[in-house]
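S.K.: In UniProt numbering, the protein residues as written are 1 to 473. Beta carbons: idealized from backbone N, C-alpha and C, even for Gly. Please read these numbers as outputs of a predicted model, since none were measured by experiment. Sharing a structure with you now.
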């Protein structure tokens with residue numbers, strides 16, 4: 001073996017959610033594609049990993065399952081970085097590099113990973129695509145951490161392009177200014193009442209869905225859930241400014257516009273691609289999506305940077321909750337209706353404790369009934385939905401990773417029993433749509449992505465037309 005196994009300091013127990021993502025049927029991986037503006041230098045990249053990522057406790061430990069349910073542990077080990085970095089020889093004159101990247105990523109996802117090593121790998125591809133001069137395709141086992149953890153870790157390993165010594169910064173949430181103490185107190189009381197009411201309603205609906213039968217007869221659930229799995233991964237880079245134009249005009253959030261865009265694009269796709277019999281039933285079908293919520297307090301990038309310097313064992317991993325949302329699959333003449341529906345749905349979810357409830361429910365299940373019950377519950381949640389939706393906000397300024405200036409960051413997830421996964425990441429003024437699809441259910445994912453992009457352009461055009469009309473009046 002190229003890597004020597006050594007038990008250091010002490011073994012760390014595996015959290016219930018990390019073990020959940022390691023179970024058969026839910027063996028999940030995070031797939032991250034990073035595009036660079038220049039040709040990649042493998043030796044510089046490897047040296048950078050040795051000085052940063054290798055010092056993170058999770059990325060230098062083996063996941064040992066043990067003989068019993070509660071015996072799984074993270075065992076620190078000595079790592080040889082070269083065993084985790086792949087630099088394949090690629091013909092620089094290949095006819096379609098974008099197609100090559102899609103095929104390479106899809107094939108890499110389903111190649112076996114060596115469980116005797118830390119569960120991550122990076123592939124450096126020196127090919128020029130439509131959006132980058134070279135790329136790194138990384139595969140991280142989901143037990144290592146969720147999407148927010150990995151994005152924060154990427155930023156902690158990066159530096160500002162215009163200031164190579166400075167860590168990237170994230171936009172802090174805007175805090176409302178208190179102008180009147182009594183008005184602020186009344187607003188907080190109203191928020192508490194809304195949260196209590198929404199929590200009761202949304203948790204009741206959540207439990208009702210869990211106790212119901214699986215969705216049947218929809219265009220995305222024609223195959224049994226046990227056989228649905230994404231086997232094709234694509235991404236598309238679009239303008240984040242286009243999203244913000246719609247957001248500002250409608251006085252909503254970026255997430256509202258993105259969810260509206262996804263609903264509009266998927267509705268248009270299903271209405272044009274499905275057979276006539278199913279088209280008529282779309283009006284009466286309720287498709288559900290699983291949306292991920294970050295439950296952790298925002299950890300500063302500086303803290304993560306110090307963690308890697310000192311090999312700290314501070315809190316890390318999967319701290320996410322779930323919410324089940326209905327998707328608006330209707331033919332609407334008013335393109336903005338999809339955004340309004342998205343906002344109404346997400347406002348109720350955000351002002352409720354449903355994500356926290358789902359997290360606590362999973363944790364109590366494993367504590368009382370064991371990991372088999374945890375897997376059954378998780379599969380039941382996924383089995384009553386058809387789509388996974390998630391998004392992660394990236395930096396708002398140009399950054400470099402080991403002296404490689406980044407062009408974009410795309411992310412997705414594999415190993416879940418869904419026919420469609422939609423993941424959105426942002427980087428500076430770009431939004432990256434990543435789709436993971438089951439080709440037997442969605443044979444042309446590019447066409448689906450086209451519908452989503454066209455929906456956004458229709459929204460932007462409608463906003464500009466409305467603004468022009470208002471100015472003329």
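#1: To which residues of the same chain is residue 443 closer than 7 Å at the C-beta, ignoring the five residues directly before and after it?
#2: For residue 487, does the count of other Cβ atoms within 10 angstroms reach 16, so buried, or fall short, so exposed?
#3: Name the residue from 118, 63, 129 whose alpha carbon lies nearest to the alpha carbon of residue 33.
#4: Looking only at its own chain, which residues have a Cβ that is under 8 Å from the Cβ of residue 416, when we skip the five neighbours before and after it?
#5: Using a Cβ-Cβ cutoff of less than 6 Å, which residues in the same chain neighbour residue 235 once the five nearest sequence positions on both sides are dropped?
#6: Once the 5 residues before and after residue 209 are set aside, which same chain residues still bring their CB inside 6 Å of it?
#7: May I ask you to verify whether the stretch 147-156 touches the stretch 78-92, counting CB pairs closer than 8 Å and requiring at least 3?
#8: CA-CA distance, residue 197 and residue 181?
#9: List the endpoints of the continuous alpha helix (DSSP H) containing residue 199.
#10: Under the three-state reduction of DSSP, which class applies to residue 412: helix, strand or coil?
#11: How many angstroms separate the CA atom of residue 142 from the CA atom of residue 247?
#12: Here's a check: name, in chain order, each residue in its chain whose Cβ is nearer than 6 Å to the Cβ of residue 137, leaving out the five neighbours to either side.
#13: Count the CB pairs spanning the stretch 109-121 and the stretch 35-46 that are closer than 8 Å, and state whether there are at least three.
#14: Give the range of the alpha helix (DSSP H) segment to which residue 48 is assigned.
#15: Where does residue 480 land, buried or exposed, given buried means 16+ other C-beta within 10 angstroms?
#16: Does the distance from the C-beta atom of residue 240 to that of residue 460 stay below 8 Å?
#17: Identify, in the order they occur along the chain, each residue of the same chain with its Cβ nearer than 6 Å to the Cβ of residue 253, setting aside the five sequence neighbours on each side.
#18: Ends of the alpha helix (DSSP H) at residue 249?
#19: Mind checking which residues open and close the beta strand (DSSP E) that includes residue 33?
#20: Between residue 340 and residue 256, what straight-line distance do the alpha-carbon atoms span, to the nearest angstrom?
#21: With H, G and I counted as helix, E and B as strand and the rest as coil, what does DSSP make of residue 111?
#22: With H, G and I counted as helix, E and B as strand and the rest as coil, what does DSSP make of residue 165?
#23: Exposed or buried, what is residue 425 when buried is set at 16 or more other beta-carbons lying within 10 Å of its beta-carbon?
#24: Can you tell me whether DSSP reads residue 375 as helix, strand or coil?
#25: Where does residue 369 sit, in a helix, a strand or coil, going by DSSP?
#26: Would the beta-carbon of residue 23 fall within 8 Å of that of residue 288?
#27: Determine whether the beta carbon atoms of residue 40 and residue 158 lie at a separation below 8 Å.
M.R.: So, from the listed chains and residues:
#1: The count along the chain shown starts at 1 and reaches residue 443 at position 443. Correct list: empty, nothing qualifies.
#2: For residue 487 there is no data in the structure shown, the boundaries of the chain being 1 and 473.
#3: As a first step, residue 33 is located in the chain shown; it is residue number 33 there, counting from the start. Minimum Cα distance to residue 33 is reached at 129.
#4: Taking the first residue of the chain shown as 1, we reach residue 416 at position 416. Counting only Cβ-Cβ distances below 8 Å, and skipping sequence neighbours, we find 26, 28, 229, 230, 382, 388.
#5: For the purposes of this step, residue 235 is taken as residue 235 along the chain shown, with counting starting at 1. Excluding positions up to five away in sequence, the list reads 410, 432, 434.
#6: Sequence index remark: in the chain shown, residue 209 carries index 209 (1-based). Closer than 6 Å at the Cβ level, and outside the excluded window around residue 209, lie 324, 384.
#7: no
#8: Along the chain shown, read from residue 1 onward, the residue named residue 197 stands at position 197. Along the chain shown, read from residue 1 onward, the residue named residue 181 stands at position 181. Their Cα atoms are separated by approximately 24 Å.
#9: The count along the chain shown starts at 1 and reaches residue 199 at position 199. Unbroken alpha helix (DSSP H) run through residue 199: 181-211.
#10: Here residue 412 corresponds to residue number 412 of the chain shown, with the count starting at 1. Three-state result, residue 412: strand.
#11: Here the question's residue 142 lines up with position 142 in the chain shown. Here the question's residue 247 lines up with position 247 in the chain shown. Taking the straight line joining both Cα atoms gives about 32 Å.
#12: In the chain shown, residue 137 corresponds to position 137, counting from 1. Here the set comprises 33, 105, 123.
#13: Contact annotation: the stretch 109-121 does not touch the stretch 35-46, with fewer than three C-beta pairs closer than 8 Å.
#14: In the chain shown, counting from the first residue as 1, residue 48 sits at position 48. Note, residue 48: alpha helix (DSSP H), 42-51.
#15: In the structure displayed, the chain extends from 1 to 473; residue 480 sits before or after that span and is not available.
#16: Here residue 240 refers to the residue found at position 240 when the chain shown is read from its first residue. Here residue 460 refers to the residue found at position 460 when the chain shown is read from its first residue. In this structure, residue 460 does not lie closer than 8 Å to residue 240 by Cβ.
#17: To locate residue 253, count along the chain shown from 1; it is residue 253. So no residue of the chain qualifies.
#18: Against the chain shown, residue 249 aligns to sequence position 249. Counting along the chain, the alpha helix (DSSP H) containing residue 249 begins and ends at 240-250.
#19: Here residue 33 refers to the residue found at position 33 of the chain shown. Looking at the DSSP string, the run of the beta strand (DSSP E) that includes residue 33 is 29-36.
#20: For this step, residue 340 is matched to residue 340 along the chain shown. For this step, residue 256 is matched to residue 256 along the chain shown. Between residue 340 and residue 256, the C-alpha separation is close to 8 Å.
#21: As a working note, residue 111 is residue 111 in the chain shown. In the structure shown, residue 111 sits in coil (DSSP, three-state: anything other than H, G, I, E or B).
#22: Along the chain shown, one-based indexing puts residue 165 at 165. It is coil, neither helix nor strand.
#23: For this step, residue 425 is matched to residue 425 along the chain shown. Burial state of residue 425 is buried, judged by a 10 Å Cβ sphere holding 16 or more other Cβ atoms.
#24: One-based indexing of the chain shown puts residue 375 at position 375. Three-state DSSP puts residue 375 in a helix.
#25: Mapped onto the chain shown, residue 369 falls at position 369. It is helical.
#26: Taking the first residue of the chain shown as 1, we reach residue 23 at position 23. Taking the first residue of the chain shown as 1, we reach residue 288 at position 288. Not in contact: residue 23 and residue 288 (Cβ atoms no closer than 8 Å).
#27: On the chain shown, position 40 is the one that residue 40 refers to. On the chain shown, position 158 is the one that residue 158 refers to. No, they are not a contact pair.
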